[in-house]
């Protein structure tokens, strides 16, 4: 299974995203959506769901703050603000204990992250609409094959 992962679109879809996500089995948005049309536009590429970021209005989206998927061969947890891999916040720590995901996918960090920490893949695609210019805009792709997951970060401005 191939999953396109993005965060922090803030109402804009970078022109490369449709090409990169074409043919994905699914798309996950990790919050910072920024406009009702974003999820709709991306749904033309693949089925999509996601979580709310701190600037997203719950009235605009039927989404929660976190999402657990256990039906893709290996359990995934998607959230917006997780703290850091070395110091997850209290809410995420509880969700990690409760669900025991093999992959934690998150937004808000701004910088991409793709590494195994304590036998769990921590994956942040970075920001899809980097506005401050410090870190290039990026998205991610996850490949799930049975009980393994592999992530790749893709810079958007190349």
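Residue numbers (our numbering): 207 to 364. No residue lacks a Cβ here, since even glycine has one placed at the ideal position from N, Cα and C.
Neighbourhood of residue i by C-beta, 7 Å cutoff - its chain only, sequence neighbours within 5 removed
i, result
"residue 266", "242"
"residue 313", "213, 214, 236, 237, 238, 259, 286 and 330"
"residue 280", "308, 309, 350, 353 and 355"
Reduced DSSP secondary structure (H/G/I, E/B, other) of residue i
i, result
"residue 223", "helix"
"residue 215", "coil"
"residue 235", "strand"
"residue 302", "helix"
"residue 335", "coil"
"residue 249", "helix"
"residue 243", "helix"
"residue 321", "strand"
Close beta carbons around residue i, own chain, < 6 Å, minus the five adjacent residues each side
i, result
"residue 291", "323 and 328"
"residue 252", "230, 232 and 233"
8 Å Cβ shell around residue i - same chain, five flanking residues per side excluded
i, result
"residue 270", "257 and 258"
"residue 247", "219"
Residue i: CB within 8 Å of a non-hydrogen atom of the ligand COA
i, result
"residue 245", "Among the ligands in the structure shown, none appear at all, so the ligand COA cannot be discussed."
Paired residues, beta bridge with residue i - DSSP
i, result
"residue 357", "348"
"residue 280", "Looking at the DSSP assignment, residue 280 forms no beta bridge with any residue, so it has no partner."
"residue 255", "234"
Counting pairs of beta carbons, one from the stretch 342-356 and one from the stretch 210-228, are three or more of them closer than 8 Å?
yes
Contact the stretch 291-302 vs the stretch 219-230: 3+ CB pairs below 8 Å
no
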